[in-house]
Every structure is written in C-alpha cells, then in structure tokens.
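In this note's numbering, the protein residues as written are 4 to 523. Positions of the beta carbon are idealized from the N, C-alpha and C atoms, including for glycine. Quantities reported herein were computed from a predicted structural model and do not represent experimental measurements. Below is one structure, written out as structure tokens; comments come after it.
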C-alpha cells in the first residue's frame, strides 16, 4: 500500500516537472519565433490572401484624385482638370449608357448668362468610355480632420470645416495599361481645354463670404466684370503706352525670366492723391492681360502664415492687389518711433491695469501681420511658387511707406497717378461728351495749369445729369468748378500763410520771454 502511494506521488512529481519543462521550452521557443518575426510573416501572407480574395470578388482597380493631397497647401491641378472633364461628360450624357446614370446634378453659372454648367453632385457616379474600356467616376466626400485642411489654418482652427473631396476612378484590371498610360493623360489634357473654354475671370477676396459667395479654399469670388480698359482710361498717352508695353513684355517674358533666374512676377506701385484713377488702372491692367484679380484685405489676415497661405492659393495669370497699403497696417518706415510709442503705451498701461486688459481683449482678434511678413510675401522663397503673377500696391502717401517695401525688385515699376492734365482732359471730353474741340477748351486748359483737380472730378463735371444737357453746358459746369477750386485754393494758401505767420510771431514772443527771464 505504501509502495503504491509512493509510486503515484513520484509519478505526479514527474508529471509536474515535465509540464514545467514544457512550459519553459515553449516560452523559449515563442521568444525565438518572435525574434524571427514570424508573426509579421503570417500577417503579410494573410493580407496577401485577403487582397487576392477581394480581387476575385471585386476585380476593379481604383485611382483616387484628391482635392488636397497630404500636406499640399494648394488645390490639386489634376483634381481641377478632372472636374472640368467630368462637367463636359455630364453635359454630354444621354440615357443610361456611357456618361449616363447621374440623377443629382450641381449647377454653376456659365460664361453664357442663359446657360449653366452641370456637374455631378457628391456621392454620384458617371461612366465614361475610352477606346473600348468602360470606366466609372465617383465623386466622394469625407469629413475634414480636426487639425488639417485649408479651412482649419485660415480660421485658426475654429469655425466650419470644409469636407475633403476626391474623385475615384474605377476600371477593370485588364484595362490597367490603357487607363494609366493613356486615359488619365487624355482626361487632364481635355480638362485643361474645357477650363480654358469655360474660363470666367474672377475677382477674389479673402473676406469669408456667406452662402451668396462662391467659395474656393481661403478665397471667395465673384465674376470680374469691370468695364474699364486702357482705351477709356484718362492718362497721359505716352505714359499709358509705356505701361501697356511693360505689361505685354511681362506676359510674354516666360523664357526671359527663366533665363535670368527670376520668379515670373512683377511688382507695380501706384501712388497719387485720391481720385486719380489707381483702382481703375488695376481694372484696365486686368482687362488688358485677361488676368484674374485677388484683392487682399490685410486687416483680415491674422498672421504672416495666413498671408503666405493666401499667396499659395492664388493661380497663375493673376493680379494680386493690396489697396491703400499705408492705411492697412503699420508698414511705414517709422519703426524706431513705433518701438518708442510701444514702450510709452506699456508704461502708461502699468498705471491703469484695467485699461490694459481692455486693450488686450480688443487686440486679440486683430491682425498680427508684420512688415517682414509682407516683404517675404512679395519676394521671399514662397513668392516663386507658381508664375505669371503681378503684385500691385496702391497708396495715397508713398513717402510714408518703408523704403524696403517699395524698392526695385519688390515694386519694380512705380507709376504716379497725378492730377488731370490738359491731354487727359481732352481725352475725357472725347469719351464723355464725344467732342474733339470746343470754344471752352482753352479756358479749361488754362485753369487746369493753375488748379489741381483729379480726373474723377473732371469726369463727374462732364457727365450729363439731366435731359437736355450737352457738351456746352457740361464744359461750362467744369469751368465753374475749376474757378471755384482756384478761389478755394487761394483762400487756403492765404490762411496757411497767416497761420504760419502767427506761429512764427508766437515763437518770437516765447523767445523774448525766455530772454527776459534769463536776464532777470
């Protein structure tokens, strides 16, 4: 009995030792297998089998054309070309065959005011045929990530975020070489042709619009329909021809800019008193070159990064405009005075803590764009992204601008928009009154040599405002306005001289009082 119990105890002990040895051996073996990374081997083969199974169940291949790829800051050209190509395919669709099957369409304005451009709406499909291969296009959308996309950066991470859009191209594997080698090239080429045909020049702004605006990334736009041309611009004929020749040389200068190693851009500074035609000059430039116009409101740009983003989102063949740049931000040359003023404000703020908090809250949403940011915007490394762009600054007080902002290389051509001269007056008379000569021309010319009047004021006085008004009455009104301006200018000059004399007399009295105090 004792021998039997002893043998069973020994057998149990042996079994425990064996199990322990097996556990240790398995642990060592598992660690060795992990060192060999066999689980990656099995995972890789399982995924391969899964793909083969999926290929059997769904033999179509897919190419995705995203609106924004990865970290790209600007809209994909391939996406825009595919969109234009599919607009044409949608318009030519008939029935349920190739190009048919779209039930939900999106309508956009066309160059012809009686027509609209049709494209398929989100999550719709359209089929297309190319050399016997039938392919399917699908318009896809996905929610924007919280920390990416142009809407996030532009709005500082707040507000509504646009969806990520893309087109998916589905086709059979047996047409792989045809689609990837020829069809996609065909789509891009035809898409560019459609874009050129349907192109409408646009006026963009960086101020976020509401539902009435057409949104395109960080820009909102309307159709550019300004009628001003160089043919109707009141300007010295020689200066006008000089500007037009300069613009033509820029437009045709792609090879020249590449040869000399410069970015294909040019800066224009338009300066002069208000009403001298700076804004209409920009419209004439845009119509002459057939370019889009991007009007930047600097006070709505929060940081230098946002300014760079705006530039990246502009297209070639465009004019980028910052009007009244001396009023938009503190970009004057008085940087030392600005620093001193800031120190004085800080000192004053220490005396009144409540006032300082209130000022800080008011400045929280203000622009933090700096002079350095604007300089880099004009001719920094990022300014070379893209080509065929013109940058235009306008100002009423060129002397207030920092010299670094308007030097050659940034603002390459300076154009002074001055008061109306005799030649400009005769041009306006022809345009507004359709007269080449008139007995009152000599009187107007004589007054214009003595009085400063802007082309806008001259044109306003020559505009018929009631039935029955003609060239004679309009020119008489202009002569009257010029004579009144002459009298006002004389009175202002006399008043200014009197004020200067009084100031000089007061200064002399102060000097005498100081001398008397010193003698005492």
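The beta carbon of residue 120 lies closer than 6 Å to those of 90, 111 and 113 in the same chain, with the five residues before and after it left out. Excluding residues up to 5 positions away in sequence, 399 lie with their Cβ nearer than 6 Å to the Cβ of residue 277 in the same chain.
Looking at the DSSP output, residue 121 bridges to 110.
Of all C-beta pairs linking the stretch 295-306 to the stretch 404-422, fewer than three are shorter than 8 Å, placing the two stretches out of contact. DSSP, read as helix, strand or coil, puts residue 412 in coil. Listed as beta-bridge partners of residue 143 by DSSP are 169.
Between the beta-carbon of residue 85 and that of residue 194 there is about 6 Å, and that keeps the pair under the 8 Å contact cut. In this structure, the CA atom of residue 448 is about 6 Å from the CA atom of residue 425. Excluding five sequence positions before and after residue 247, the CB atoms of its chain that fall closer than 7 Å to its own CB belong to 233 and 291, given in chain order. Along the stretch 385-447, the beta strand (DSSP E) occurs as fully enclosed runs of 3 or more residues at 392-398 and 416-419, listed in sequence order.
Out of 266, 378 and 280, the CA that lies nearest to the CA of residue 310 is found in 378.
The Cβ-Cβ distance between residue 270 and residue 319 does not fall below 9 Å. Listed as beta-bridge partners of residue 136 by DSSP are 133. Contact between residue 170 and residue 71 does not hold, since the beta-carbon distance rounds to 13 Å and is not under 8 Å. DSSP lists 207 and 323 as the beta-bridge partner residues of residue 297. Residue 306 places its beta carbon less than 9 Å from that of residue 370.
By the criterion of a C-beta distance shorter than 6 Å, residue 260 is surrounded in its chain by 267, once the five residues flanking it on both sides are discounted. Judged by their CB atoms, residue 144 and residue 167 are nearer to each other than the 9 Å cut-off. When only Cα atoms are considered, residue 23 and residue 31 end up about 12 Å apart. For residue 289, the enclosing alpha helix (DSSP H) has its first and last residue at 281-292. Within its own chain, the residues whose Cβ lies closer than 7 Å to the Cβ of residue 456, once the five positions on either side in sequence are excluded, are 422, 423, 485 and 488, listed in chain order.
A buried status is given to residue 190, since no fewer than 16 other beta-carbon atoms sit within 10 Å of its beta-carbon. Between the alpha carbons of residue 136 and residue 180 lies a distance of about 11 Å. If you ignore the 5 residues before and after residue 314, its C-beta comes within less than 8 Å of the C-beta of 323, 380, 385, 386 and 388, all in its own chain and listed in chain order.
Counting only residues of its own chain and dropping the five nearest sequence neighbours on each side, residue 256 has a CB closer than 8 Å to the CB of 267. About 6 Å separates the CB atoms of residue 235 and residue 434; that is less than 8 Å, so the two are in contact.
Residue pairing for residue 128: DSSP places it in a beta bridge opposite 141.
Spatial neighbours of residue 237 in its own chain (CB-CB distance under 6 Å, excluding positions within 5 residues in sequence) are listed in chain order as 427, 430, 431 and 458. Residue 282 and residue 124 have their C-alpha atoms some 38 Å from each other.
Between residue 210 and residue 303, the beta carbon gap of about 5 Å places them in contact (Cβ cut-off 8 Å). Residues of the same chain with a CB within less than 8 Å of the CB of residue 477, apart from the 5 flanking positions on each side, are 435, 436, 464, 465, 466 and 467 in chain order. Beta-bridge partners of residue 175 (DSSP): 63. The C-beta of residue 275 has 16 or more other C-beta atoms within 10 Å across all chains shown, which makes the residue buried. Residue 258 and residue 472 have their C-alpha atoms roughly 53 Å apart.
Judged by DSSP secondary structure, residue 272 falls outside any alpha helix (DSSP H) and instead within the beta strand (DSSP E) spanning 268-274. A residue is called buried once 16 or more other Cβ atoms fall within 10 Å of its Cβ, and residue 20, having fewer, is exposed.
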